[in-house]
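In my numbering, the protein residues as written are 1 to 442.
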């Protein structure tokens, strides 16, 4: 693992409780730099299919490899984060991701004669390396922030995914058409390396005094809010300092990988991810092949989903910090997303504005729950095990990110686009009973 500052030197530096907001900013930058690549490359699908001479099935395979790489590595990165710390893991992952993308810009473009196999392998490795940001930046937040602030902090970090994705969605398709794929890979490479530099400069473990002060501050905030709101009182009963909802120390020390309630939350999150990746990966192809529209409308549709989903993440994170039950919110978002994606299926052959509106709203809802889920699964496991729990959730999400682009061309070939959006709706509705039930106040 990369570490350019000795532990002794880091401990000599005064990092008080206010530094937690700097740590959050570093986590946002790390998550956003990876998201720009992860979300932006699929939206170049029309140009990629033409320039690399791919079939729709081959394009689905190539795009799915991004999710496969993250799914294969996320839980490993989580375990490494719990063992070696978030700083070392982030430095290693971001630097390696930036270097690989720079190599792709130099040698894995259509002009270099790169084919589907090389492209798929490179994107899988990029996903595997970039997946380091999911558990590591999340564990940093669990370390620096106490219960009462974690929902907001984690949701802000998770908002970096649609925000960074929006940058990639807006920029990379245009770069693909105007400058080619050298620029498409070079820009996210620069972003990842810049995030690595920020991590090296500002991300450190908190001093014990800083942790205690942050915990006291957050507890006071939570107490004040609980007095002002009956709903917050119920939420205070739900949340314990290590956010295990009153679980015994024996339960908190058990590995998240051995707890069915943690697995249920991870699997429910995977199902809720189906419409997100369906909209992200194939909106451009759908609008081009079925509606005769260009990449511009697809970019606008995905941008609405990304930016709106990011705003919703912050709202739900803040709301649940003030007393809302995270599990109830997760189930409610699943129900809404299922209904809207079912409407998109019904409106597949409707006028384009109606179809686009349904897809944008469905994508927005599918992007809105991540902060709540990541906070809840980390809270269930406690800060010492947060990296593993976050890695498990990331593995579930990105396993679906691998399978969804891979299966959609099969569904299109044997059924229709209506079936694609209907399957996305069904996945959301199946997630509702699978997600852990809300904890009852005692």
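All C-beta atoms, glycine included, are put in the ideal place defined by N, C-alpha and C.
The structure presented is a predicted model; accordingly, all values stated were derived computationally and were not measured.
Are the beta-carbon atoms belonging to residue i and residue j less than 9 Å from one another?
| i | j | result |
| --- | --- | --- |
| residue 79 | residue 395 | no |
| residue 108 | residue 122 | yes |
| residue 116 | residue 66 | no |
| residue 141 | residue 153 | yes |
| residue 138 | residue 27 | yes |
| residue 188 | residue 36 | yes |
| residue 89 | residue 81 | yes |
| residue 172 | residue 44 | yes |
| residue 29 | residue 77 | no |
| residue 114 | residue 15 | no |
| residue 110 | residue 181 | yes |
| residue 381 | residue 259 | yes |
| residue 93 | residue 40 | no |
| residue 309 | residue 162 | yes |
| residue 421 | residue 345 | yes |
| residue 166 | residue 307 | yes |
| residue 303 | residue 199 | no |
| residue 34 | residue 194 | no |
| residue 385 | residue 255 | yes |
| residue 119 | residue 409 | no |
Straight-line CA distance for residue i to residue j?
| i | j | result |
| --- | --- | --- |
| residue 373 | residue 72 | 20 Å |
| residue 49 | residue 281 | 13 Å |
| residue 358 | residue 191 | 32 Å |
| residue 391 | residue 74 | 5 Å |
| residue 205 | residue 17 | 11 Å |
| residue 320 | residue 360 | 25 Å |
| residue 443 | residue 97 | Limits of the chain in this structure are 1 at one end and 442 at the other, which puts residue 443 out of reach. |
| residue 32 | residue 335 | 28 Å |
| residue 470 | residue 407 | Nothing can be reported for residue 470: it is not among the residues displayed for the chain, which extend from 1 to 442. |
| residue 143 | residue 363 | 31 Å |
| residue 147 | residue 417 | 43 Å |
| residue 297 | residue 287 | 8 Å |
| residue 230 | residue 353 | Unreliable placement is indicated for residue 230, whose pLDDT of 39 sits below 50; the coordinate value is still reported in the next sentence. Answer to the nearest angstrom: the Cα atoms are 42 Å apart. |
| residue 245 | residue 379 | Its pLDDT being 40, under 50, residue 245 is placed unreliably in this model, and the coordinates cannot settle the point. |
| residue 291 | residue 315 | 34 Å |
| residue 283 | residue 343 | 15 Å |
| residue 351 | residue 262 | 42 Å |
Alpha helix (DSSP H) containing residue i: first to last residue?
| i | result |
| --- | --- |
| residue 52 | Careful: residue 52 lies outside any alpha helix (DSSP H) and carries neither H nor E. |
| residue 134 | 132-144 |
| residue 414 | 386-414 |
| residue 261 | 260-272 |
| residue 33 | 19-43 |
| residue 86 | 86-107 |
| residue 376 | 370-381 |
| residue 422 | 417-434 |
| residue 359 | 352-366 |
Between which residues of its own chain and residue i is the CB-CB distance below 6 Å, once the five residues before and five after are set aside?
| i | result |
| --- | --- |
| residue 424 | 274, 275, 278, 341 |
| residue 438 | 325, 327, 328 |
| residue 338 | 425, 428, 429 |
| residue 47 | 176, 177 |
| residue 268 | 431, 434, 435 |
| residue 101 | 185, 188, 189 |
| residue 371 | 154, 155, 158, 313, 317 |
| residue 399 | 71 |
| residue 25 | none |
| residue 68 | 124, 402 |
| residue 174 | none |
| residue 87 | 203 |
Can you find the residues in the same chain that come closer than 7 Å, C-beta to C-beta, to residue i, ignoring five residues on each side of it along the sequence?
| i | result |
| --- | --- |
| residue 333 | 365, 368, 369 |
| residue 419 | 411 |
| residue 42 | 63, 280, 281 |
Kindly list the residues whose CB is nearer than 8 Å to the CB of residue i, restricted to its own chain and excluding five residues on each side of it in sequence; keep chain order.
| i | result |
| --- | --- |
| residue 54 | 48, 62, 116 |
| residue 126 | 37, 66, 69, 97, 100, 101, 104 |
| residue 404 | 64, 67, 273, 274, 277, 278, 281 |
| request: Return the chain-ordered ranges of every alpha helix (DSSP H) run that is complete within the region 141-185 and spans a minimum of 4 residues. | output: Contiguous alpha helix (DSSP H) elements confined to the region 141-185 occur at 150-178, taking only those with 4 or more residues.
| field | Runs of beta strand (DSSP E) lying entirely within the region 274-334, each at least 3 residues, in chain order | value | The qualifying runs do not exist here; there are none.
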